[in-house]
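First up is the structure itself, then whatever we jot down about it.
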Amino acid sequence: MTTKVFRITDISRAALEIEEAARIIRRGGTVAIPTETVYGLGANGLDGEAVRKIFEAKGRPQDNPLILHVADESWIERYCKDVPPETYELTKRFWPGPLTIILKRRSIVPDITTAGLPTVGMRYPDHPITNALIRAAGVPIAAPSANISGRPSTTSFEHVLKDMDGKIDAIIDGGDCAVGLESTIIDLTVKPPRLLRPGGVTLEQLKEVLGEVEVDKAVSSLLGNGEKPKAPGMKYRHYAPKAPVTVVCGSPEKSAQYILKQDLNDKGVLCFDEYAHLFDRERTLSFGSSTDLKAQAERLFDALRAFDELDVREIFAQCPTEEGLGLAIANRLKKAAGFRIVDLGRD
Ligand code: AMP
Ligand code: MG
Numbered sequence: 338m339t340t341k342v343f344r345i346t347d348i349s350r351a352a353l354e355i356e357e358a359a360r361i362i363r364r365g366g367t368v369a370i371p372t373e374t375v376y377g378l379g380a381n382g383l384d385g386e387a388v389r390k391i392f393e394a395k396g397r398p399q400d401n402p403l404i405l406h407v408a409d410e411s412w413i414e415r416y417c418k419d420v421p422p423e424t425y426e427l428t429k430r431f432w433p434g435p436l437t438i439i440l441k442r443r444s445i446v447p448d449i450t451t452a453g454l455p456t457v458g459m460r461y462p463d464h465p466i467t468n469a470l471i472r473a474a475g476v477p478i479a480a481p482s483a484n485i486s487g488r489p490s491t492t493s494f495e496h497v498l499k500d501m502d503g504k505i506d507a508i509i510d511g512g513d514c515a516v517g518l519e520s521t522i523i524d525l526t527v528k529p530p531r532l533l534r535p536g537g538v539t540l541e542q543l544k545e546v547l548g549e550v551e552v553d554k555a556v557s558s559l560l561g562n563g564e565k566p567k568a569p570g571m572k573y574r575h576y577a578p579k580a581p582v583t584v585v586c587g588s589p590e591k592s593a594q595y596i597l598k599q600d601l602n603d604k605g606v607l608c609f610d611e612y613a614h615l616f617d618r619e620r621t622l623s624f625g626s627s628t629d630l631k632a633q634a635e636r637l638f639d640a641l642r643a644f645d646e647l648d649v650r651e652i653f654a655q656c657p658t659e660e661g662l663g664l665a666i667a668n669r670l671k672k673a674a675g676f677r678i679v680d681l682g683r684d
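Start counting at 1 in the sequence shown, then tack on 337, and there's your number in this note's numbering.
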């Protein structure tokens, strides 16, 4: 199929494009959408046949559920029941924004959207184009990240085009994504609430609102054989460049020294800006200063994708401390590495 591209720079002049994209969604088609986290691959979340096309275009396993994107918190009750009051404390503080809330679903949400789970993930993204599209379509948009399953998520129009051209009906080019990592996922159907995926809203921020928050084991370690993940997506290989990755944790100084000591012939290095000069220029990519977590989050997936264009057999990556946004960055790096981790300690 030919994938149509809508290039939108000024939302106030994009009414026709938004209406055309909304029509594609209403007719059961697929549209890649910009959000503040990563690009999403969207379809009508209430239309099982449309949602099936998302799984097909991505090559995504059917047991990995999708998140419903809505136009504000008033949409929650349409698709969810037994909504606990904390939900609205969270939406008040963090919506629109990079926070997905897992709630009990109503039967209007088809099984394929939630992979048969009795729960559904809800998010109100902070992006004017996508919000206008959801309103115009009048239906919740189910959207996982717009990458081929297993690859790093897409944070620019170019990434989406590379993975999805010819496989979906349309892509809306809304420029680069501001956060660069997928949303934080918090499950409010269990007590205490459980963090299933760290993201732009940090664990520390969630605790300020919810008090106790349990961090799912799959966030920082590989699940053992036979262990059942709470979020099905957690068991799959994720975010991976072609070459195998080893993540080196410890102070930036220590991790840089450790990587320097390896035989770096044919190997790539993903490092903080301050250390780039230590390594071979051709096979080294930096992703922000060691003190700038926001830049690291924004640039991580682009860097992981860029290694596929370089001739490297293996990649060593420096890892930030797991505080604030660092927890999300470290989580994506560890998953990209299939939890191949060298831990040097912090002191
Ligand atoms: P993606 O948008 O590609 O990051 O994928 C969506 C993520 O949300 C996956 O990791 C899913 O496992 C997770 N997710 C979606 N719905 C649910 C749910 N009802 N319960 C737990 N996790 C969910
Ligand atoms: Mg994804």
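Each residue gets a CB set at the ideal place from its N, CA and C atoms; glycine is no exception.
{"query": "My output table needs one value for Ile438: the three-state DSSP class, helix, strand or coil.", "result": "strand"}
{"query": "Touch check for the segment 367-384 and the segment 476-496: three-plus C-beta pairs under 8 Å?", "result": "yes"}
{"query": "Under a three-way DSSP split, which group does Arg677 fall into?", "result": "coil"}
{"query": "Determine contact between the segment 500-510 and the segment 411-428, defined as no fewer than three beta-carbon pairs at a distance below 8 Å.", "result": "no"}
{"query": "Note down, in chain order, each residue of its chain lying with its Cβ closer than 8 Å to the Cβ of Ile652, except the 5 sequence neighbours on either side.", "result": "Pro578, Ala580, Pro581, Val582, Thr583, Lys604, Gly605, Val606, Leu607, Phe644"}
{"query": "Between Gly379 and the rest of its own chain, which residues show a CB-CB distance below 6 Å, the 5 nearest in sequence each way excluded?", "result": "Val368, Ile370, Ile478, Ala480"}
{"query": "Can we count Pro481 as close to the ligand NAD, meaning its CB is less than 6 Å from some heavy atom?", "result": "The ligand NAD is absent from the structure shown, which contains only the ligand AMP and the ligand MG."}
{"query": "Run through the segment 634-678 for me and flag every whole alpha helix (DSSP H) of 4 or more residues, listed as ranges in chain order.", "result": "663-673"}
{"query": "Report the rounded CA-to-CA distance for Gly548 versus Lys528, giving the unit in angstroms.", "result": "11 Å"}
{"query": "At the level of alpha carbons, what is the spacing between Cys586 and Ser557?", "result": "12 Å"}
{"query": "Could you name the residues that DSSP lists as bridge partners for Ala686?", "result": "This structure cannot settle anything about residue 686, because the visible part of the chain is limited to 338 through 684."}
{"query": "With DSSP collapsed to three states, give me the class of Glu519.", "result": "coil"}
{"query": "Could you give the residue range of the beta strand (DSSP E) that holds Ile466?", "result": "Looking at the DSSP string, Ile466 is not in any beta strand (DSSP E); the run it does join, the alpha helix (DSSP H), is 465-474."}
{"query": "So, for Pro447: in the same chain, excluding its five sequence neighbours on each side, which residues have a beta-carbon less than 6 Å away from its beta-carbon?", "result": "Gly385"}
{"query": "Check the DSSP bridge columns for Lys341 and list the partner residues they point to.", "result": "Ala507"}
{"query": "Just reading off the beta strand (DSSP E) that Leu405 is part of, what are its end residues?", "result": "404-406"}
{"query": "DSSP three-state call for Glu551: helix, strand or coil?", "result": "strand"}
{"query": "Following the continuous alpha helix (DSSP H) through Lys579, name the residue where it begins and the one where it ends.", "result": "Per DSSP, Lys579 belongs to no alpha helix (DSSP H) and is neither H nor E."}
{"query": "Do Pro530 and Val550 have their beta-carbon atoms positioned less than 7 Å apart in this structure?", "result": "yes"}
{"query": "On the CB-based measure, 16 or more other CB atoms within 10 Å of its CB, does Ser520 come out buried or exposed?", "result": "buried"}
{"query": "Throw me the rounded Cβ distance for the Glu410 and Tyr461 pair, which I believe falls under 8 Å.", "result": "7 Å"}
{"query": "Give the straight-line distance between the Cα atoms of Arg336 and Lys671, rounded to the nearest whole angstrom.", "result": "With the chain covering only 338 through 684, there is no way to say anything about residue 336."}
{"query": "Flag this pair as yes or no: are the beta carbons of Arg683 and Ser588 separated by less than 7 Å?", "result": "yes"}
{"query": "In its own chain, which residues sit with a C-beta less than 6 Å from the C-beta of Thr692, not counting the 5 before and 5 after it?", "result": "Residue coverage of the chain in this structure runs from 338 to 684, which leaves residue 692 outside it and unanswerable."}
{"query": "By how many angstroms is the C-alpha of Asn381 removed from the C-alpha of Arg389?", "result": "10 Å"}
{"query": "Please indicate yes or no: does the CB of Ile445 lie closer than 6 Å to some heavy atom of the ligand AMP?", "result": "no"}
{"query": "Once the 5 residues before and after Gln542 are set aside, which same chain residues still bring their CB inside 6 Å of it?", "result": "none"}
{"query": "Would you mind sorting His614 into buried or exposed? The rule is 16 or more other CB atoms within 10 Å of its CB.", "result": "exposed"}
{"query": "With 16 other CB atoms within 10 Å as the buried threshold, where does Thr539 fall?", "result": "buried"}
{"query": "Which stretch, first to last residue, makes up the beta strand (DSSP E) that contains Lys429?", "result": "Counting along the chain, Lys429 falls outside any beta strand (DSSP E), though it belongs to the alpha helix (DSSP H) covering 423-431."}
{"query": "I'd like to confirm something about Glu426: is its beta-carbon nearer than 6 Å to some heavy atom of the ligand AMP, or not?", "result": "no"}
{"query": "In the DSSP assignment, find the alpha helix (DSSP H) that holds Gly385 and state where it starts and stops.", "result": "385-395"}
{"query": "Output yes or no for whether 7 Å exceeds the beta carbon distance between Ala673 and Leu641.", "result": "yes"}
{"query": "Is DSSP giving Ile450 helix, strand or coil here?", "result": "Strictly speaking, residue 450 in this sequence is Thr, with Ile absent from that position. Here Thr450 sits in helix by DSSP."}
{"query": "Would you list the residues sitting across from Leu560 in a DSSP beta bridge?", "result": "The partner list for Leu560 (beta bridge, DSSP) is empty, contrary to what the question assumes."}
{"query": "Under the three-state reduction of DSSP, which class applies to Ala479: helix, strand or coil?", "result": "strand"}
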